[in-house]
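Numbered continuously in our numbering, the sequence shown closes out at residue 712.
From the three backbone atoms N, C-alpha and C, an ideal C-beta is built for every residue, glycine too.
These numbers were taken from a predicted model, which means no experiment stands behind them.
Report on the structure given below.
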Amino acid sequence: MIAVFSIILALVLGTTALQATIPIDGPRVVCEGSSVTLSAPSGMVNYLWTNGSTSRSITVFAAGHYMCRVTTPAGNIDSGSVDLKVGFRPRPKIGNAIEYLCEGDEANLEAPTYFVKYQWSTGDTTSSIRVTKSGTYWITVTDTNGCSGQSDKVNVQVVPKPDVHINGPDAVCPGHPTPYFVTQAPGTTYQWFCDGGTVTSGQSTNTIQVQWNRSGTIRLRASYMRPDGGLCTADTIISVNVSTKLRPQLHYNRNGICTGETIILEAAEGYRSYRWSTGETTQYIKVSKGGYYWVEVTDASGCTGVTDTLTVLDYPVPQTSITGPTVICKGADVTLQAQSADNDVVLWEWSTGQRGSQIQASTAGQYSVIGWTLDGCKDTAYHTVRVASDIVVNIPDYNLGTVPTGIQTGALITVTNNSTVDVSVMSIASSLPVTITPSVPRFIAANRSQVFSLRYTPMLPGPFYIELTWVIQSADCLDTITSVVQGVATGDPPIGSVTIDIPDTTVSMGSEVQLPVGVSWSIISADTTSVAFTVVFPARQFYLTGVSGGRLNTNTVVGDDRHIELVLNAIPNGSGERTVYLHGLPLLTSPFVIPFEPTNGRLLNGQLAIFTYDPGTVTATGCWLPGRLITLGDTPQVISAYSINGSLLLQKSIVGTNALEAALAELHAYDAQQLVLLTLTDSNGRLVYSAPYFTNNISR
Numbered sequence: 013m014i015a016v017f018s019i020i021l022a023l024v025l026g027t028t029a030l031q032a033t034i035p036i037d038g039p040r041v042v043c044e045g046s047s048v049t050l051s052a053p054s055g056m057v058n059y060l061w062t063n064g065s066t067s068r069s070i071t072v073f074a075a076g077h078y079m080c081r082v083t084t085p086a087g088n089i090d091s092g093s094v095d096l097k098v099g100f101r102p103r104p105k106i107g108n109a110i111e112y113l114c115e116g117d118e119a120n121l122e123a124p125t126y127f128v129k130y131q132w133s134t135g136d137t138t139s140s141i142r143v144t145k146s147g148t149y150w151i152t153v154t155d156t157n158g159c160s161g162q163s164d165k166v167n168v169q170v171v172p173k174p175d176v177h178i179n180g181p182d183a184v185c186p187g188h189p190t191p192y193f194v195t196q197a198p199g200t201t202y203q204w205f206c207d208g209g210t211v212t213s214g215q216s217t218n219t220i221q222v223q224w225n226r227s228g229t230i231r232l233r234a235s236y237m238r239p240d241g242g243l244c245t246a247d248t249i250i251s252v253n254v255s256t257k258l259r260p261q262l263h264y265n266r267n268g269i270c271t272g273e274t275i276i277l278e279a280a281e282g283y284r285s286y287r288w289s290t291g292e293t294t295q296y297i298k299v300s301k302g303g304y305y306w307v308e309v310t311d312a313s314g315c316t317g318v319t320d321t322l323t324v325l326d327y328p329v330p331q332t333s334i335t336g337p338t339v340i341c342k343g344a345d346v347t348l349q350a351q352s353a354d355n356d357v358v359l360w361e362w363s364t365g366q367r368g369s370q371i372q373a374s375t376a377g378q379y380s381v382i383g384w385t386l387d388g389c390k391d392t393a394y395h396t397v398r399v400a401s402d403i404v405v406n407i408p409d410y411n412l413g414t415v416p417t418g419i420q421t422g423a424l425i426t427v428t429n430n431s432t433v434d435v436s437v438m439s440i441a442s443s444l445p446v447t448i449t450p451s452v453p454r455f456i457a458a459n460r461s462q463v464f465s466l467r468y469t470p471m472l473p474g475p476f477y478i479e480l481t482w483v484i485q486s487a488d489c490l491d492t493i494t495s496v497v498q499g500v501a502t503g504d505p506p507i508g509s510v511t512i513d514i515p516d517t518t519v520s521m522g523s524e525v526q527l528p529v530g531v532s533w534s535i536i537s538a539d540t541t542s543v544a545f546t547v548v549f550p551a552r553q554f555y556l557t558g559v560s561g562g563r564l565n566t567n568t569v570v571g572d573d574r575h576i577e578l579v580l581n582a583i584p585n586g587s588g589e590r591t592v593y594l595h596g597l598p599l600l601t602s603p604f605v606i607p608f609e610p611t612n613g614r615l616l617n618g619q620l621a622i623f624t625y626d627p628g629t630v631t632a633t634g635c636w637l638p639g640r641l642i643t644l645g646d647t648p649q650v651i652s653a654y655s656i657n658g659s660l661l662l663q664k665s666i667v668g669t670n671a672l673e674a675a676l677a678e679l680h681a682y683d684a685q686q687l688v689l690l691t692l693t694d695s696n697g698r699l700v701y702s703a704p705y706f707t708n709n710i711s712r
């Protein structure tokens, strides 16, 4: 039947002989209860598995023989097979269901050592662990087949050891039975040993009587039987001084007192009476200040004695504090520094479990640190850290598309502050030379936007990619945001560069200005060319009377500004410079700093050059005082206003500033836009003041 199937398959596929040569990828063992994937080589025309699947890969769940027949790109039939074995999951035994452990001891839990991987419930990855605490423990192991299995769970229960604190005097006089005892615990057996005396009663109980012959020791072994039959035992021993004069021990945990704390001084139990140096008559006393302390005791037979004197010292408590930020920024952490006023702390213990004077905090909350001195005194400091509000600022990317090479282009970038707090743009770094306005730092309120203008001149044709790095700061945090402006420059590259420079100039009011405009160039051109550029200045602050050194091409007013285009002809190939002069008069207005801004440079032959601009100012001095046009005395003066053609528009005799302002107001009734020459003469007819003036410019 198999042979017939093979012949039919060969006829259907149009192939010849069947070969068993293709490799089958995948494991050779399938773990109990899981699956594996078997794969034939890629790139075949057809696949046919023994389970009927026609996919390149199959997923199987059981052991067995698996074969795949394929049709190769050349039209041949080939095959491959694999035998899968079942891998049983390991189930190691690590102990009894319940294991009992005496307090202070440790239990060893171990799995066989022939596995390749171990994972305990505690996180350990060794074949065995030692445990000292109650809990449930188990292990997951992996064998050489890659099959994993889990052990049964072991419940470890820690059994407390018996209390073996012996109560009784540590100094006695000979000849009288002395009682000693420990607290009775159910299920506990006791065994006493006495060196220097005889146990006269209570040997197997929690209370005994001892007849002392000399100084020696009492040793006790207490045993408690666990549920599994094992014993938890505890031993203790005390020394007893036997003498005709009692010399008891003074017991204490430390002989120094930190400011604001107390210590306990204690004599042994079992004496008839106690008398402390403080006058107290109890077995123990609480001490809150330094000094000398002792206690006199009397036993049941009337024998007395005094302890050695103990010197208790006073120690200061350290004054600790924590310094560091109170705000954590997103994705960052802060450094908290512990310190003490007197630098007397030798150990710092933080609430995080860390030690040392410094830690890194990455989450909000209250942090505390305990500072310990060499004398064992401590102080606790606290520091609360909160998480800062997120800086949520949106800065979009821009694609400028296709732009001309050598021509300044740009984008208006809207920076939107979606944060709940105000932010500032602190700096903007660029991967290519650009001009960005307005200047930074720049404040942006919460839920508000700020528009930035980016200007860029591509020097060479082809794609350009400008990466902008914005540093954003809130009241608490800094963040860095990256945006991109890109485009493609086309056309010929610039043939050179032209610089327009206007210097800062100072003149007296009423004097004519010859403002130099420097033009320098470095151009590679086969022929001469012409340069045109625009100068913009306030129309009501400067009156242009003429141009020299160049040609005035256009003269227009846009809003409050005058735009003049100047042309320099016959600019030769190479480098050079020329100066164009603007002739004019500063007009009577305030302020007296008149800005002149060059812009819109171009070559008139159609070629491109890179233009750079250096704006300048004209400062007019000598006529304007704060709050008024001019300082006038109490003597009569004459104000006159002449039109440009020389006709007299107004002439008045005035006394004082108020009269001057009234005359100017009257002058405004003639023409709101008229340019006049304003003069002021004294009572002798001598000229005091002269300046051009726009009749609508009263600025006070």
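Cβ contact annotation for residue 300 (same chain, cutoff 6 Å, sequence separation greater than five): 274, in chain order. Assigned with DSSP and collapsed to three states, residue 696 falls in coil, not helix or strand. Annotation for residue 476: the continuous beta strand (DSSP E) segment containing it runs 474–485. The bridge partners DSSP lists for residue 192 are 220.
Of all alpha-carbon atoms in 127, 80, 609, 502, the one lying nearest the alpha-carbon of residue 139 is that of 127. Within the model, the alpha-carbon separation for residue 36 versus residue 79 is close to 9 Å.
No alpha helix (DSSP H) of 4 residues or more sits fully in the region 323–410. By a beta-carbon distance limit of 8 Å, residue 526 does not contact residue 468. Their separation comes to about 36 Å.
Taking 7 Å as the cut-off, the Cβ atoms of residue 395 and residue 410 do not count as close.
Rounded to the nearest angstrom, the gap between the Cα atoms of residue 137 and residue 121 is 13 Å.
A contact is defined here as three or more CB-CB pairs under 8 Å, and the region 330–338 meets this definition with respect to the region 387–406. Straight across, the Cα-Cα distance linking residue 418 with residue 505 is about 6 Å. Leaving aside the five residues that flank residue 341 on each side, the residues in its chain whose CB is nearer than 6 Å to its CB run, in chain order, 400, 489.
Under the DSSP assignment, residue 253 falls in the beta strand (DSSP E) whose first and last residues are 243–254.
Distance between residue 48 and residue 77, taken at the CA atoms: about 13 Å. Within the DSSP secondary-structure output, residue 105 pairs in no beta bridge.
Annotation for residue 610: the continuous beta strand (DSSP E) segment containing it runs 605–615. Exclusion of the five residues before and after residue 203 leaves 233 as the residues of its chain whose Cβ lies within less than 6 Å of its Cβ.
In the three-state reduction of the DSSP assignment, residue 599 falls in the coil class, being assigned neither a helical nor a strand state. For residue 438, the enclosing beta strand (DSSP E) stretches over residues 435–442.
The Cβ-Cβ distance between residue 567 and residue 579 does not fall below 7 Å. Residues 112 of the same chain have their beta carbon placed closer than 6 Å to that of residue 240, with the five preceding and five following residues left out of the count. Of the residues assessed, residue 628 falls on the buried side of the cut-off, its CB having 16 or more other CB atoms within 10 angstroms.
In the three-state scheme derived from DSSP, where H, G and I count as helix and E and B as strand, residue 673 is classed as helix.
Between residue 347 and the set 519, 372, 227, 235, the nearest pair of CA atoms involves 372.
Of 312, 598, 220, the smallest CA-CA separation from residue 631 is found for 598. Residue state for residue 620 is assigned as coil, using DSSP reduced to three classes. In the structure shown, the three-state DSSP call for residue 678 is helix.
Of 103, 134, 38, the smallest CA-CA separation from residue 92 is found for 38. With contacts defined as CB atoms closer than 7 Å, residue 174 and residue 246 qualify as a contacting pair. Secondary structure at residue 54: coil, using DSSP grouped into helix, strand and coil. Of the residues assessed, residue 283 falls on the buried side of the cut-off, its CB having 16 or more other CB atoms within 10 angstroms.
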